[in-house]
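Novice:
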Amino acid sequence: MSVTVVDLKIGQKGIIREFTEDVLPIKLLELGCLPGNEIEIVQIAPFNDPVYVNVNGSHIAIRRSTARLIALDIIEDV
49 MSVTVVDLKI
59 GQKGIIREFT
69 EDVLPIKLLE
79 LGCLPGNEIE
89 IVQIAPFNDP
99 VYVNVNGSHI
109 AIRRSTARLI
119 ALDIIEDV
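The working numbering applies: residue 49 is where the sequence shown begins, and numbers increase by one.
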């Protein structure tokens, strides 16, 4: 089982590894949501949807259903 964006806690970071499906909104790709980039959970909205993330300095809100499509390698705090 791979870790996705929805598995992160607030403040936790990960490196985007891949997308679990080939369909991802073009806008996310344009904002830097690409494999190899760092992503961090900034805030989770009431009722857990959407989640607010920081990708390359851009704060964006994405639906949990979309966040589940982004597989990560978690960055461990040292």
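Idealized CB from N, CA, C, for every residue including glycine.
(1) So, with DSSP's three-state summary, where would you put Asp-55?
(2) Suppose you measure from the CA of Ser-106 to the CA of Ser-50; what does that come to, to the nearest Å?
(3) Considering Cα atoms alone, identify which of Ile-122, Val-71, Asn-96, Lys-61 is closest to Glu-88.
(4) Taking one C-beta from the stretch 90–108 and one from the stretch 65–73 each time, how about it: are there three or more such pairs within less than 8 angstroms?
(5) In terms of alpha-carbon separation, which member of Gly-84, Asn-85, Ala-119, Leu-79 lies closest to Ala-109?
(6) In whole angstroms, what separates the C-alpha of Ala-119 from that of Gly-59?
Specialist: In this structure, then:
(1) helix
(2) Straight-line Cα distance between these residues: approximately 24 angstroms.
(3) For the residues Ile-122, Val-71, Asn-96, Lys-61, the minimum Cα distance to Glu-88 belongs to Lys-61.
(4) no
(5) Considering only alpha carbons, the answer is Leu-79.
(6) 17 angstroms
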